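*Asks:*
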Amino acid sequence: MGEGHLFDASMIETILLTLKLAAITTVVLLLVGTPLAWWLARTRGPWKEVIASLVSLPIVLPPTVLGFYLLIAMGPDSPLTALLGFKLSFTFEGLVLGSVIYSLPFVVNPIRNAFEAMGDRPMEVAATLRASRLDAFVTVALPLALPGLMTGAILGFAHTVGEFGVVLMIGGGIPGETKVLSVTIFDYVETLQWGKAHVLAGGMLVLSFVVILAMLLLERRLNRGRT
Amino acid sequence: MIEAAFRGRLGSFDLDAEFRVPGQGITALFGASGSGKTTVLRAIAGLARLRDGRLQVNGETWQAGRRFVPPHRRAVGYVFQEASLFPHLSVEDNLRFGLRRSRSTARIGLNEVVDLLGIAPLFDRPTAMLSGGERQRVAIGRALLSQPQLLLMDEPLSALDRVSKEEILPYLERLHASLSIPVIYVSHDIAEVERLADTLVLMERGRVRASGPIAGLLADPALPLIHMPQPAAVIDGQVIARDARYGLTDLRVPGGVVTVQGDLGPIGRRRRLRIPASDVSLGRRAPQDTTILNALPARIEGAEETAAHQVVVRLRLGQRGEGAALLASVSLKSWDTLGLRVGETVVARLKAVALAAPGAAPELAQAPPAHTA
């Protein structure tokens with residue numbers, strides 16, 4: 001790691017690992033979060049708010065607290081590890097699981113809002129037009145909630161790219177396995193490699209801005225022509 | 001035959017409605033807001049489930065005891081108060097949504113519906129760019145294309161302004177004339193009901209007050225319809241003669257022949273007349289030297305005095321009172337001066353006879369009325 005070069009192989013590796021983590025996490029989040037959001041939007045009952053609170057917990061919880069419990073849950077002595085037969089802590093898979101839990105509210109809440117805003121009517125119309133529940137969900141509810149799904153996906157992706165506390169707790173910083181961007185920046189700063197820190201931090205800043213701008217523009221476009 | 005009985009509680013609403021209506025023609029569910037009309041319609045579609053419900057539609061059981069056919073397996077078309085088109089689909093894809101999913105071979109084709117409802121010019125427009133009346137026409141077409149055995153309409157005109165309403169009504173009449181699908185039509189507007197319905201189910205506070213052919217119910221002294229501000233009779237007739245010189249059409253109605261101003265179409269065409277009670281006066285003898293075209297013998301069936309010193313007289317056309325029901329509104333003074341009695345045969349003079357549907361239903365091949373966006 002020569003301080004003279006602003007780019008090196010390990011930096012590229014870090015960036016690719018981060019993008020891979022964010023992409024996989026986003027896909028898992030959409031697969032898990034969409035049915036969960038639908039359930040939350042359609043269920044009436046005391047359980048609904050309990051589950052909703054659990055989902056939203058990562059918003060208020062310090063990431064280190066979440067990371068601490070995840071570390072214990074994924075550690076060598078946990079029931080989860082016994083069940084799986086291998087431990088998840090300090091692995092890429094563990095990082096995905098942690099990221100999914102950490103970013104869940106940022107994906108579930110916009111999708112849930114979109115499902116709620118749509119009301120019962122479209123599903124009723126679809127039912128009277130011979131569409132089964134699943135058919136109507138796929139062909140009516142999902143397209144109508146598309147802006148919410150996009151927002152959720154983008155937020156989930158961006159949030160995963162930027163996470164630090166949870167990653168540090170459960171992933172440490174194994175290069176090529178768990179050493180993602182935010183951890184790397186921290187390392188650079190600690191080892192006084194300000195130039196490289198600048199490159200990554202600046203890149204993150206620009207990326208975040210572009211992501212949010214794209215999201216807003218996309219939302220505006222999707223909402224146009226819908227009443 | 002459509003047999004329905006729904007009992008139970010939905011939210012804070014108590015429903016106990018039971019009726020049998022013919023499995024053809026238009027049945028109006030009529031009543032004030034909050035009388036349970038929409039709930040009954042939703043229960044028929046399977047969108048609302050009442051625990052104690054029975055429903056048979058032309059021999060098919062959709063609900064009975066534990067049996068509850070889910071809405072997407074019921075061959076109903078449902079037209080909601082707001083058109084509720086899918087905003088993410090084009091007009092054409094909205095129309096095809098139900099068509100694609102209906103199991104039965106298409107009896108009602110896309111082209112037929114497009115012609116019937118004048119939808120062709122709307123195909124390429126985004127749904128958000130349609131007017132209220134246009135949206136509702138597409139919604140009706142979409143429901144029809146799902147090949148329903150029963151069409152349910154929940155106040156399809158109430159969200160529309162007067163102009164859009166007049167734009168849609170002729171299409172509904174055309175539908176009635178050209179398709180054999182039974183329709184249940186929820187409305188709180190008696191004018192719509194008089195114009196469209198064959199059968200009436202009168203609802204009050206979650207219960208069915210009365211049901212039967214519309215002409216009988218409108219003139220039934222036990223029902224509130226006759227006490228509405230402008231009571232009227234509706235009479236269905238058939239064109240039997242046309243007089244081009246004077247621009248008149250003769251219609252045979254039960255118990256007589258009525259002459260109506262205007263050309264009402266070819267011989268044999270069925271037309272509905274609406275005769276307001278205030279346009280009917282009574283006399284003992286046939287009038288002479290009068291400008292009134294229609295003076296028909298009718299028998300007095302009963303009379304109700306109103307608060308405004310008027311008497312609403314119930315009549316039946318024909319010497320022996322064997323014909324259609326008619327209402328006449330006369331002043332209490334005239335009633336007493338003439339000394340009219342129930343059971344007596346009088347001459348009913350019709351000052352004005354109007355079609356229930358003034359904007360005559362356009363012919364199938366004809367261009368639809370102007371519908372500018």
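Protein chains in written order, with full-length UniProt numbering: chain V, 1 to 227; chain B, 1 to 373.
For every residue, glycine included, the Cβ atom is placed at its ideal position computed from N, Cα and C.
Here the structure is a predicted model, which means the values were calculated and not measured.
(1) What whole-angstrom Cβ distance do residue 275 of chain B and residue 353 of chain B have, given they're in contact under 8 Å?
(2) If you draw a straight line from the alpha carbon of residue 39 of chain B to that of residue 197 of chain B, how long is it in whole angstroms?
(3) What's the C-alpha gap between residue 220 of chain V and residue 144 of chain V?
(4) Just checking: is the beta-carbon of residue 10 of chain V within a distance shorter than 9 Å of some beta-carbon in chain B?
(5) Residue 330 of chain B and residue 282 of chain B look like a contact to me (Cβ under 8 Å); what is the Cβ gap, rounded to whole Å?
(6) Mind checking the stretch 29-58 of chain B against chain V and listing, in chain order, the residues whose C-beta falls within less than 7 Å of any C-beta there?
(7) Where does residue 185 of chain B sit, in a helix, a strand or coil, going by DSSP?
(8) Tell me where the alpha helix (DSSP H) around residue 183 of chain V begins and ends.
(9) Mind checking if residue 99 of chain V is an interface residue toward chain B, Cβ cutoff 9 Å exclusive?
(10) Residues of the stretch 114-148 of chain V with a CB closer than 7 Å to any CB of chain B: list them in chain order, please.
(11) Give a yes or no on whether the minimum CB-CB distance between residue 156 of chain B and chain V is below 9 Å.
(12) Over the uninterrupted beta strand (DSSP E) stretch that includes residue 13 of chain B, give me the two end residues.
(13) Name the chain V residues that come within less than 8 Å of residue 137 of chain B, Cβ to Cβ?
(14) Whether or not the stretch 12-27 of chain V and the stretch 155-172 of chain V are in contact is what I'm after, with contact meaning three or more pairs of Cβ atoms, one per stretch, closer than 8 Å; do they touch?
(15) To the nearest angstrom, report how far apart residue 373 of chain B and residue 131 of chain B are at their CA atoms.
(16) How long is the line joining the alpha carbons of residue 89 of chain B and residue 141 of chain B, rounded to whole angstroms?
(17) Among V:92, V:106 and V:136, which has the Cα closest to the Cα of residue 120 of chain V?
(18) Pairs of beta-carbons, one from the stretch 188-204 of chain V and one from the stretch 38-57 of chain V, closer than 8 Å: are there three or more?
(19) Quick check: the Cα distance between residue 65 of chain B and residue 178 of chain B, rounded to an integer number of angstroms?
(20) Put residue 67 of chain V into one of helix, strand or coil per three-state DSSP.
(21) Go ahead and pull the three-state DSSP assignment for residue 136 of chain B.
(22) Are residue 50 of chain B and residue 19 of chain B closer than 9 Å when you measure CB to CB?
(23) Residue 92 of chain B CB to nearest chain V CB: under 9 Å?
(24) What residues in its chain sit with their C-beta under 7 Å from that of residue 97 of chain V, if we drop five residues either side in the sequence?
(25) State the beta-bridge partners of residue 157 of chain V as determined by DSSP.
(26) So residue 146 of chain B contacts chain V; which residues on that side make the cut at Cβ distance below 7 Å?
(27) What three-state label does DSSP hand residue 93 of chain B in the structure shown?
(28) Taking residue 94 of chain V as the reference, give the member of V:169, V:107, V:203 and V:53 with the closest Cα.
(29) When DSSP labels each residue in this structure, what does residue 226 of chain B get in the three-state scheme?
(30) Going along chain V, which residues have a C-beta under 7 Å from residue 86 of chain B?
(31) Taking only three categories from DSSP, how would you classify residue 356 of chain B?
(32) For the stretch 13-97 of chain V, list the beta strand (DSSP E) runs that are entirely contained and at least 3 residues long, ordered along the chain.
(33) Counting Cβ pairs closer than 8 Å, one from the stretch 4-16 of chain V and one from the stretch 174-184 of chain V, do we hit at least three?
(34) Could you tell me the distance, in whole angstroms, from the CA atom of residue 3 of chain B to the CA atom of residue 145 of chain B?
(35) Quick check on the burial criterion: 16 or more other C-beta atoms within 10 angstroms. Buried or exposed for residue 6 of chain V?
(36) Name the chain V residues that come within less than 8 Å of residue 142 of chain B, Cβ to Cβ?
*Replies:* Concretely, from the data shown:
(1) Contact flag correct, Cβ pair sits at about 6 Å.
(2) 20 Å
(3) 14 Å
(4) No, its Cβ sits nowhere closer than 9 Å to a Cβ of chain B.
(5) 6 Å
(6) 45 and 47
(7) strand
(8) Per DSSP, the continuous alpha helix (DSSP H) segment holding residue 183 of chain V begins and ends at 181-190.
(9) no
(10) 121, 122, 124, 125, 127, 128, 129, 130, 131, 132, 140, 143 and 144
(11) no
(12) 13-21
(13) What residue 137 of chain B touches in chain V: nothing, since even the nearest Cβ is about 16 Å away.
(14) yes
(15) Summary for residue 373 of chain B: the model assigns pLDDT 37, below 50, so the residue's position carries little reliability; its value from the coordinates is reported in the next sentence. If you take the alpha carbons of residue 373 of chain B and residue 131 of chain B, they lie about 6 Å apart.
(16) 15 Å
(17) V:136
(18) The count of Cβ pairs closer than 8 Å, one atom from the stretch 188-204 of chain V and one from the stretch 38-57 of chain V, stays below three, leaving the stretches out of contact.
(19) 36 Å
(20) Correct three-state label for residue 67 of chain V: helix.
(21) helix
(22) no
(23) no
(24) 88
(25) Residue 157 of chain V is not bridged to any residue.
(26) 129 and 130
(27) helix
(28) V:169
(29) helix
(30) 122 and 140
(31) coil
(32) none
(33) yes
(34) Going by the C-alpha atoms only, they are around 24 Å apart.
(35) Counting Cβ neighbours within 10 Å, residue 6 of chain V comes out exposed, since fewer than 16 surround it.
(36) 129
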